[in-house]
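Just so you know, the sequences run in chain order Y and R.
Residue 141 in our numbering sits at position 129 of the first sequence, with consecutive numbering throughout.
Residue 944 in our numbering sits at position 103 of the second sequence, with consecutive numbering throughout.
Glycine included, C-beta positions come from ideal geometry on N, C-alpha and C.
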Amino acid sequence: MRKNKVRSFLGALLRAVFCLALALLIGLIGLTAIAFYQLQSGGNSAGLADAVNLAMEGGFLPLCLGGFEAGWSAELTAAAPVILTALAAALAWQAGLYNLGLAGQYALGAAAAIEGAAWGLPWFACLLLAAAAGAAGGVIPGLLKARFQAHEALTTVLMNWICLYGVQALLQGLNRGMGLLPDLGILIPVIAAGAALLCWGLLRYTVPGFEIRVLGDSETMARYAGMRPGKIMVFVMALSGVLAGIGGALAFISGELRAVPNLNLALTGPGLHGLAAAVLAGGNPLGAVPTGLVISHLARGAAQMNAAVFPQECGEWILALTLLLGSLLLFWGKGKREGGMKK
Amino acid sequence: MSGYALELDLGSAAAWMGRAEGGVSLRVKRGEIHAVLTNSADETAALTEILTGQRRHVQGEFRVDGNEAKIRSPRDALMLGIGAVYRQDGLADALTLLDHYRLAPGVPRGKKQARATAEAAAEKYGLKVEWTIPAAELSAVERFRGELLCALAEDIDILILEEPADRLPPLEMEKLLPLLRRFTEENKTVLLITRRMETAKTASACTDLTGSRGTDEGALPPLEKRKIAAGSVALEARHLTLEKWGREEPILRAVSLEARAGEVTAVLGLPGSGLEALAAVLAGLEKASGRLRLNGKEITTMTAKERLRAGIALAPGPDMGYGLAGKATLPENMALHHYRSAAFQESGFLKKGEMRAYADQALERQGTDPKGDASAAGNSTRAEKQRFVLARETEENPEVLIALKPTEGLNRAEARDIHNRLLTVRNNRRSVLLLTEDLREAMTVGDRILVLCQGAVTGEFEPSWTTERELGLYMAGDRQQGREEPFDEEE
């Protein structure tokens, strides 16, 4: 039994490392190609070696190492929102649900926290508001699924747009100031890590967690056990939204990150990163912590790339690749199942 | 030219599921109907997958007509002239047989020409099929015939049949044989991959892969079927009708049955006849119209949980997919029906220790070896999983135990063990409702047999007064009690 557990852990670790390495490798090749093209179009006849050089110095190395520059506290703080969105995705996945509305729920949470701050509320009240807002963003697709079997992958993605545009309109219209709250500092990564532990504990040791896991196995199984799949789905989506919402709040009320939650950023930001981290972690809440750290580190590194040659999208592209490869590997072995009744 | 149509040498144990001893060696001559005898449905499936290119990392040697070949994908298999009809139905419900037929490369493009070719093929092999009806409305036998014709359309040299007896009643199996012989007369080869001795006996040559674990009756423990007088009616169902959105034909048609205490009432049907639906309806997982009474008490409106408490338990078989939660641990699975009770949870937190203790006790009481570890329940063999499911359900001491295809994919020894467990329930004067596709099982274990065909009960029999052949006729819908229909040879 022990051996089995160790083996599956190592397997998961290997898979995550492999995905990352492969994505980075392909990324490097891509960066080289871009560098080559840039050099060529600049007029000088540059060789492959120059391109590789440029790609390494201006792109790859900053990508991988750039995050370290600002120090550990910055790393951890920036990782927190990613970890939280990863937890959101992982929790939903455990129930068999695909919550792709992380960006929207994240934005809702951020907006709620900022509003709260503008009203002079203390930080934990802002977080609670954010949680509620995120929950709302998750509950609606959850209800649609429970009542109408509307597939959450579709509804959450569309909710993203509703949330993002709504938040954008609200915040720009009202022109709120940023950083109205004290720098919570070390508390931020602690909250993220705490959330991860809570998720893990929930799944493993509580009744709702058990129901979530059984539902994730098969809906028929859940009904056979006397559970109400609809209720569980709504609960999970709400909780997922809460996590993403808090993630959004933490990103904007800390002293570290200061940016208007514009559409662009929110879409390509933690929405995607959280998903990538969750997939790399195989849906395991505890695993979301290290993978969240790594992904956020890479994201920050992407901002450090030589902007003249490599726009920020390049970094995001590599992270998206990680998500793609991670998903592929995650579903690799699951192809053949025992035949029989549809689950 | 070595004279062999097919040679297979699998050295690695990993390539051959679950076998610790050595590899597999297969030599099939051209023009043979060659049977390969395995231990279980899993082994049958594994071998079929290897031969049809659905498994990639197979270490071993493969030769077709003496030439070394590699089968890495279904396409490779097709190129080599290997075609198959599988144990599980492979047709798309919304498409017609003609649509499927036109997928084969050799078939002409135009619809009319394709139809002509199809009908010519059917004529040639003496099979009657409906080409232009959606597959969902065809009977299990027609679907098998359709798949067979589609496989033959692919211009193959080697036809693999995976466990055809799981899909066809005995009469159809008998009719299949001359067709296979005709096929081999064209110097082609048939491979019958099966775990059943009687199917293997119809072949002209056989490779025994059972590893001399003994599949003959002598080695099996006896069936614990004591003589018991049937008691009162435990479960009574009247006119259960189930219609599903989008399907023209109802899945269950006014099904009425009675299950008595101290009896095993077997409900026998072909795949697709509605057994799973019947189980779901009786257990409360699906709502159907009709009435249901347990020991005289009306339970039609009860939920699944209420029915369990009232005394109806459902034990889904290994292939059903909802007996055990694969990702949850074994103790969690064993406590599945009671996880909300105060015994196993406190203010929302699961009492893992108590669950473990309960699981161990329950399993020991039922004479099953508790696995003793907390790993995912999915990591057990089919037979083990079925024993766990049965243990969990019998712990509830139900008045009526519904067993849905409990021995699907199990070998004879494992099946015998499961049968004895079911019979223990019966011997304790409870009622067992055995829903199965296995004729033999219904006849040996059942005290009464009801035949279900396309959602309707077509006959009721006493096992000692009927034959496999007769049951097969009723299963295929060629005969129906209460209606004198002439038996049509051509059907």
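The criterion of a C-beta distance shorter than 8 Å is satisfied by R/L1275 and R/L1263. Measuring C-alpha to C-alpha distances from R/R1094 to each of R/L1083, R/R1088, R/A1100 and R/R1101 identifies R/L1083 as the nearest. The count of Cβ pairs closer than 8 Å, one atom from the segment 95–103 of chain Y and one from the segment 194–208 of chain Y, reaches three, so the stretches are in contact. Interface criterion not met: the Cβ of Y/Y110 is under 8 Å from no Cβ in chain R. Of the candidates R/L1061, R/S1272 and R/R943, R/R943 places its Cα closest to the Cα of R/A962.
Taken in chain order, the unbroken stretches of beta strand (DSSP E) that lie wholly in the segment 1022–1085 of chain R and span 3 residues or more are 1030–1035, 1046–1049 and 1074–1083. Under the three-state reduction of DSSP, R/G1313 is assigned to helix.
Taking all protein chains shown into account, R/M920 has fewer than 16 neighbouring C-beta atoms within 10 Å of its C-beta and is therefore exposed. When only Cα atoms are considered, R/A1203 and Y/P220 end up about 24 Å apart. A Cβ-Cβ separation of about 6 Å places R/T937 in contact with R/I974 under the 8 Å criterion. Taking the beta carbon of Y/R225 as reference, the chain R residues within 9 Å of it are A1166, K1168, A1169 and E1173, listed in sequence order. Between Y/I330 and Y/A33, the CB-CB gap reaches or exceeds 8 Å. Beta bridge pairing from DSSP links Y/F72 with no other residue. Chain Y has no Cβ within less than 8 Å of the Cβ of R/F985.
Here the alpha carbons of R/D1201 and R/A1070 stand approximately 34 Å from one another.
Considering only R/P1247, R/S914 and R/I874, the residue with the shortest C-alpha distance to R/V1286 is R/P1247.
With respect to Y/L287, Y/A101 sits close: the two C-beta atoms are nearer than 8 Å.
Remark: C-beta atoms of Y/L183 and Y/W135 do not approach each other more closely than 8 Å. In the DSSP assignment, Y/L196 falls outside any beta strand (DSSP E), carrying neither H nor E. DSSP places R/H1178 in no alpha helix (DSSP H); its state is neither H nor E. Proximity to Y/M249 across Y/V301, Y/S53 and Y/L103 peaks at Y/L103, based on C-alpha coordinates. Membership of Y/P302 in the alpha helix (DSSP H) is indicated by the continuous run A300 to A315. By a beta-carbon distance limit of 8 Å, R/G1208 does not contact R/A882. Their separation comes to about 24 Å. With a threshold of 16 other beta carbon atoms within 10 Å, Y/L141 meets it and is buried. Here the C-alpha atom of Y/G283 lies approximately 13 Å from the C-alpha atom of Y/V291. Separation of the CB atoms of Y/G149 and Y/M171 is rounded to 6 Å, and the pair is thereby assigned contact status at 8 Å. The Cβ atoms of R/L990 and R/L1009 do not sit closer than 8 Å to each other.
DSSP, reduced to helix, strand and coil, places R/N908 within a strand of the structure shown. R/E1173 is positioned such that its CB atom lies no closer than 8 Å to that of Y/F21. Taking each of R/E1127, R/A1120 and R/K1066 in turn and checking the Cα distance to R/K1085, the smallest one comes out for R/E1127. Only residues of its own chain outside the window of five on either side were considered, and among them K1246, E1249 and G1250 have a CB closer than 7 Å to the CB of R/D1160, listed in chain order. Residue-level contact check: R/F1302 does not touch chain Y, since none of the beta carbons of chain Y fall below 8 Å from its beta carbon. Against R/Q1186, the close residues of chain Y are V219, in the order they occur along the chain (beta-carbon pairs closer than 7 Å). Secondary structure within the segment 928–962 of chain R: the alpha helix (DSSP H) runs of 4 or more consecutive residues, fully enclosed, are 938–942 (chain order). For the pair R/T1142 and R/V1230, the Cα-to-Cα distance works out to about 26 Å. Classified as buried, R/K1226 has 16 or more neighbouring CB atoms from the shown chains inside 10 Å of its CB.
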